[in-house]
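Chemist: The following block contains the structure, expressed as structure tokens.
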Amino acid sequence: AARYEFHGAHQAGVLAPVRRSTSLLALDVTAQGAAGLTELLQTITDTARFLTTGGAPRELGITAPPSDSGVLGPEVTAGGLTVTLAVGASLFDGRFGLASVKPSKLRPMEDFPNDALDRAICDGDLLLQFEADDNDVVIHGVREVLRATRAGMQLRWRRDGFSSPPRPSGTPRNLMGFKDGTANIDRTDAKLMDQLVWAHGGQAEPAWVEGGSYLAVRVIRMLVEFWDRVGIEEQQQMFGRYKGSGAPLTGSSEFEDPHYERDPNGDSIPLSAHIRVANPRTPGTENQRMLRRAFNYDGGIDANGNLDQGLIFTAFNQDIERQFVTVQKRLIDEPLVDYISPVGGGYYFALPGARDASDWLGKGMF
Ligand code: HEM
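Count along the sequence shown starting at 1, add 50, and that's the number in UniProt numbering.
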């Protein structure tokens, strides 16, 4: 299984490929003051460093409870795990003396029109995203981080998700049956990441944000019973892509450009189609692109006996207003809104990476 290097200018989970299993945990800090928060962040860093590297857990002696749950056996496998730590606006409310170093665009997530947000599953002081090749590696990671930090933070909300294998090829599909992630920005293009993903310290931002990134999370329920009764033509018109291949309706293969200039009136790809509204590809909208990382979720059933399924939409942004918020506002009245219902999420700032064994996530804030 893969192993992602923990140390670096950026946290590994931002640019790593989407893996099969994820768990997002929002937490509130119960540790007291700057000293308490420092200790908490150091513990999270140390635990994440061990889990993502793998190896034999520490021996605590035969009378103590084992230092590891044993869920992965005697030797902890890295298993393609990344643990990504992000902070919410409420962390900067004064409890920890951090008000003056808040990332300038960080704030609680607003209600957009057509949202049905349950505030119990929004926001939070911290967001931890575990992501790995297998469910047991994710669950083990969640258990170990929570047990090491029990005195310093408590769970606020949690949502687990998964990504599907290619069916039959190309980008994984979401639970509406469409390939999701096709037109994403190229995470291997470092220059592009500098323009669209990484925040930069300077006049607009405190110096410490350099190498971090704004993270938008939207837990979006899909009304799947309703969706499955819509004809395929209409489904394709809503997205602007073919369901089978993922190709734009102006083309025939998945990764083709939609060429809106050849379809100015929307005869092939409606002007209201999701992809066309999200990214009209007109001059001046290039810097609104973001790094999307989508996961499916299955939450069982709701109180009415309907399936609770949907998308955990996550996106990394250099500037959450210029990118996510601008695009989300344009999508407010897209035809797809009849089939989806955003229920939770939040805005966070993914911290810069830990540089080496003596560094810890969030050190620059203090
Ligand atoms: C593209 C589905 C929510 C932004 C797409 C595509 C699909 C899709 C199937 C085409 C394939 C691709 O390029 O990835 C969905 C579903 C959603 C959802 C089912 C909700 C349940 C959102 C939200 C945003 C967003 C909340 C941002 C506010 C985008 C962008 C693209 C895209 C920027 C790429 C457009 C392009 O560059 O051509 N989405 N999406 N989507 N979506 Fe969404």
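Note that beta-carbon positions come from the ideal geometry of N, C-alpha and C, so glycine has one too. Note that the structure is a prediction, hence the values are computed from the model and not measured.
1. Is the CB-CB distance between F162 and I362 below 8 Å?
2. Could you check the C-alpha separation between F146 and Q368 for me, to the nearest Å?
3. Please say whether I189 and V121 have beta carbons closer to each other than 8 Å?
4. First and last residue of the beta strand (DSSP E) that includes F276?
5. In chain order, which alpha helix (DSSP H) runs of at least 4 residues are fully inside the stretch 321-355?
6. Mind checking Q373: buried by the 16 CB within 10 Å criterion, or exposed?
7. To which residues of the same chain is L357 closer than 7 Å at the C-beta, ignoring the five residues directly before and after it?
8. Within the present structure, is the beta-carbon of I270 separated from the nearest heavy atom of the ligand HEM by less than 7 Å?
9. I'd like to know whether the C-beta atoms of P314 and P298 end up nearer to each other than 8 Å.
10. Give the single residue among Q359, R99, G63, N346 whose Cα lies nearest to the Cα of K229.
11. Assuming F305 and T232 make a contact with CB atoms under 8 Å, what is their CB distance in whole Å?
12. Starting from V393, trace the beta strand (DSSP E) both ways and give me its first and last residue.
13. Using C-beta distances below 7 Å, list every residue in its chain close to I171, excluding the 5 sequence neighbours before and after it, in chain order.
14. So Q61 packs on T134, CB below 8 Å; how close in whole Å?
15. List the endpoints of the continuous beta strand (DSSP E) containing D358.
Modeler: According to the structure data:
1. Cβ atoms of F162 and I362: not closer than 8 Å.
2. Looking at the two C-alpha atoms, the distance is approximately 25 Å.
3. Yes, the Cβ-Cβ distance between V121 and I189 is below 8 Å.
4. Note, F276: premise wrong, no beta strand (DSSP E); alpha helix (DSSP H) at 274-277.
5. Complete alpha helix (DSSP H) runs here, min 4: 324-328.
6. Q373 counts as buried, since at least 16 other C-beta atoms from the protein chains shown sit within 10 angstroms of its C-beta.
7. Cβ within range, chain order: V274, E275, I351.
8. At least one heavy atom of the ligand HEM falls within 7 Å of the beta-carbon of I270.
9. Cβ atoms of P314 and P298: not closer than 8 Å.
10. The shortest Cα separation from K229 among Q359, R99, G63, N346 belongs to N346.
11. Confirmed, about 7 Å.
12. Counted as a single uninterrupted DSSP element, the beta strand (DSSP E) harbouring V393 occupies residues 390-400.
13. Only W207, V269, V393, G394 meet the Cβ criterion.
14. Sure, about 5 Å apart at Cβ, within 8 Å.
15. Run containing D358: 357-367, per the beta strand (DSSP E) assignment.
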